[in-house]
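> Numbering (this note's numbering), first residue to last: 17 to 131.
C-beta atoms are modelled at their ideal positions from N, C-alpha and C, and glycine is treated no differently.
Please read through the structure below; I'll follow up with questions.
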C-alpha cells in the first residue's frame, strides 16, 4: 500500500491514516518503521495496539560524526545510534526523552525534532 500527502500516488493522506484502517488485519504482528522520526513515533503508537513493543522496530537516524561511539553526537537517551543501532525495538524507545522530541545539529546543539 502507498500513501502520499498530496494524493499523487496511492491514497491521499499520511501513512498513519492508511495504517489505521488496515493494522488489525495484518498477519505476523511484527513491524519495521523507517522514515521521518515523527511518523515512526505515530506509527509505533498505532502498532502497539496490536503488537507488543518488543515486536516493533524503528530505524533511527541521527547526525553521526565519529561512527564508532566516542563523540556522542548521535546519542539517543544513552544509546549511540552508530554502534547500538540504527535499528531499535520500540520497547527501548517508549518513554524516551529524545525519540520524537529532540535531535542534535552538526554543531552538537540539542534542538527540537522539527527544527
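Rounded to whole angstroms, what's the CA-CA distance from residue 83 to residue 40? Just pull it up for me.
Working through the chain shown from its first residue, we reach residue 83 at position 67. Working through the chain shown from its first residue, we reach residue 40 at position 24. Our two residues, residue 83 and residue 40, have alpha carbons roughly 38 angstroms apart in a direct line.
> When DSSP builds the beta bridges, which residues end up paired with residue 95?
Locating residue 95 in the chain shown gives position 79, counting from the first residue. Answer is 92, bridged to residue 95.
> Taking its Cβ as the centre, do 16 or more other Cβ atoms sit within 10 Å of residue 120, making it buried, or is it exposed?
One-based indexing of the chain shown puts residue 120 at position 104. Counting Cβ neighbours within 10 Å, residue 120 comes out buried, since at least 16 surround it.
> Per DSSP, which one or two residues make a beta bridge with residue 49?
The residue you call residue 49 lines up with position 33 of the chain shown. Answer is 74.
> What's the gap between the Cα of residue 69 and the Cα of residue 90?
Here residue 69 is taken as the residue at index 53 of the chain shown, counted from 1. Here residue 90 is taken as the residue at index 74 of the chain shown, counted from 1. When rounded, the distance between both Cα atoms is 23 angstroms.
> Can you give the beta carbon distance from residue 88 to residue 95, rounded, assuming they're within the 8 angstroms contact cut?
The residue given as residue 88 occupies position 72 in the chain shown. The residue given as residue 95 occupies position 79 in the chain shown. In this structure, residue 88 and residue 95 do not form a Cβ contact; the two beta carbons are roughly 11 angstroms apart against a cut-off of 8 angstroms.
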